[in-house]
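Shown next, in structure tokens, is the structure this report addresses.
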Amino acid sequence: MPKDVAIIGVGQSTFYRGYQGSIKELAFEAFREAMQDAGIGAADIGASIVCSAPEYDSQRSPSGIIAEYLGLNPQPTFAIESVCSASTSGLRAAYALVKSGLHDVVLVLGFQKMSEISSADSQERMGRGADIMWESPFGTMMPACYAMHASAHFAKYGSTEKDLAMIRVKSTKYGAINEKAVYRKELTLEDALAAPVVTSPLKKFDCCANADGASCVIVASKDKAKEISKKPVWFMGLGAATASMTLTGRDNLYAIACAKKAAQEAYAMAGISPQDIDVAEVHDCFTIAELLAYEALGFAEPGKGVELIRDGQTYIGGKIPVNVDGGLLSKGHPIGATGGSQVRTIVMQLREEAGAMQVPGAEIGLVHNIGGVGVYGNVIILGR
């Protein structure tokens with residue numbers, strides 16, 4: 021496809037367990053890094069999109085106060101949320117705004133300060149991401165829902181708890197070398213398997229860590245990108261899909277249908293196949309989610325995703341390196357910031373700026389970002 025829209029700057033805060041500042045200060049950390057990366061000033065930004073999940077912050081309508089704090093007024097600012105996929109939904113909107121010619125440069129800022137509320141309150145709010153009449157009142161919190169996905173995959177294809185533990189071991193290997201990750205300790209397979217059960221078959225280390233964090237991505241038109249950036253990274257394909265909010269409304273629980281549909285759209289737009297992807301960031305909020313992503317994205321046939329992790333094919337040097345920054349499992353999952361952080365990792369990979377996490381020769385990268393329990397699916401393919 022033609023190179024019409026590019027990413028010219030990326031930034032991310034460190035992901036924290038308990039950030040001491042305000043959401044404005046947290047957003048500024050990512051904003052400052054992205055603006056320095058792009059080499060531009062606030063006056064160059066035509067519009068901003070602020071992405072987060074509501075109800076975690078005491079600030080009503082945070083997009084306005086963040087835009088003010090970042091010096092982006094009087095340019096327009098917008099708010100977008102699709103729960104955990106908010107910032108890639110924002111990036112899709114930014115692409116459209118630039119592609120249409122309405123703006124030349126659009127900034128996408130994703131953030132979440134989850135420590136403002138207790139873990140119990142956080143789980144309750146996450147639970148309300150399901151249908152509040154027919155599901156969440158019965159205790160179907162995020163771990164329980166993904167545990168049902170794991171049980172279904174185990175029953176259908178014979179995958180095991182050990183396979184999921186192997187995914188977490190990989191995550192910790194790379195999280196330990198990512199200076200912005202919240203969890204920087206390597207685990208052994210024995211550690212992962214011996215962890216306490218959260219909701220069977222998922223154990224403690226099968227679950228990602230809540231975190232506070234922010235991410236920032238700056239999108240520009242072809243002419244602006246060539247004028248401003250020495251290393252633009254180009255959009256090749258975008259796909260998005262939505263599934264039934266209720267699990268009972270789905271055909272099965274051993275796959276994530278919206279991810280597969282979004283991937284098909286992105287591959288078709290880019291004119292490539294799964295075999296052309298050199299590095300991927302997938303939404304591993306739970307270990308089973310990464311396994312399901314292997315299959316939804318076409319990296320493996322249904323039921324064969326376990327072979328990738330068993331054979332070490334998702335490590336650097338393997339067939340398809342996945343989440344070599346530690347993923348959500350180790351890097352952390354500040355809901356609104358997560359997708360933008362995934363995009364930052366891929367941009368750095370394609371620029372060959374990922375340091376110890378670098379996949380040699382990466383030219384095409386993929387981001388898979390899921391909102392809710394497989395409700396919203398975004399897939400973005402980027403190239404040098």
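Read in order, the letters of the sequence shown are residues 21 to 404 in my numbering. Here a beta-carbon is modelled for each residue, glycine too, at the ideal position from N, C-alpha and C. Note that this is a predicted model, so its numbers are computed, not measured.
Anticipated Cβ contact below 8 Å, residue i with residue j, distance rounded
i              : j              : result
isoleucine 297 : glycine 385    : 7 Å
isoleucine 276 : alanine 316    : 5 Å
valine 344     : valine 302     : Actually they are not in contact, since the Cβ atoms of valine 344 and valine 302 sit about 11 Å apart, beyond 8 Å.
tyrosine 76    : methionine 134 : 6 Å
valine 217     : glycine 149    : That pair is no contact at about 23 Å.
isoleucine 355 : alanine 73     : 4 Å
glutamine 362  : valine 387     : 5 Å
glycine 91     : alanine 62     : 4 Å
serine 138     : glycine 147    : The Cβ separation is near 14 Å, so there is no contact.
Alpha-carbon to alpha-carbon, residue j and residue i
i              : j             : result
asparagine 389 : alanine 172   : 21 Å
glutamine 110  : glutamate 199 : Inspection of the sequence shows that residue 110 is occupied by glycine rather than by glutamine. Spanning the two alpha carbons is a distance of roughly 26 Å.
isoleucine 8   : alanine 300   : Only positions 21 to 404 of the chain appear in this structure, which leaves residue 8 out of reach.
glycine 381    : alanine 47    : 32 Å
lysine 223     : glutamate 88  : 42 Å
valine 118     : glycine 259   : 17 Å
lysine 246     : glycine 257   : 20 Å
alanine 167    : lysine 244    : 46 Å
lysine 250     : valine 25     : 15 Å
leucine 122    : methionine 55 : 21 Å
threonine 160  : lysine 193    : 31 Å
threonine 266  : valine 128    : 29 Å
arginine 37    : valine 202    : 7 Å
glutamate 285  : threonine 108 : 15 Å
serine 142     : glycine 391   : 16 Å
isoleucine 85  : serine 42     : 11 Å
threonine 34   : serine 105    : 19 Å
glutamine 333  : valine 342    : 9 Å
Cut-off 7 Å between Cβ atoms - residues of its own chain near residue i, not counting five sequence neighbours on either side
i              : result
isoleucine 248 : Ile28, Ala58, Gly59, Ile60 and Ala240
lysine 23      : Lys242 and Trp254
serine 78      : Glu136
alanine 357    : Ser107, Gly130, Phe131, Gln132, Gly233, Ala234 and Ser235
glycine 325    : Leu311, Tyr314 and Glu315
arginine 80    : none
tyrosine 39    : Leu46, Lys133, Ser135 and Asp232
Coil, strand or helix - residue i by DSSP
i                 : result
threonine 262     : strand
tyrosine 39       : coil
cysteine 305      : coil
methionine 55     : helix
leucine 184       : helix
leucine 111       : helix
isoleucine 69     : strand
phenylalanine 158 : helix
glutamine 32      : strand
aspartate 124     : coil
alanine 116       : helix
cysteine 278      : helix
Own chain residues within Cβ distance below 8 Å of residue i, not counting five before or after
i          : result
lysine 281 : Gly259, Ala261 and Gly397
serine 293 : Tyr287 and Gly318
| message | Under 8 Å, with one C-beta from each stretch per pair, do the region 309-321 and the region 64-80 reach the 3-pair mark? | response | no
| the region 220-236 / the region 367-377 touching (three or more Cβ pairs under 8 Å) | no
| query | Can you find at least 3 beta carbon pairs, one from the region 187-204 and one from the region 339-356, that sit closer than 8 Å? | reply | yes
| task | Examine the Cβ distances between the region 93-105 and the region 204-223 and report whether three or more of them are shorter than 8 Å. | result | no
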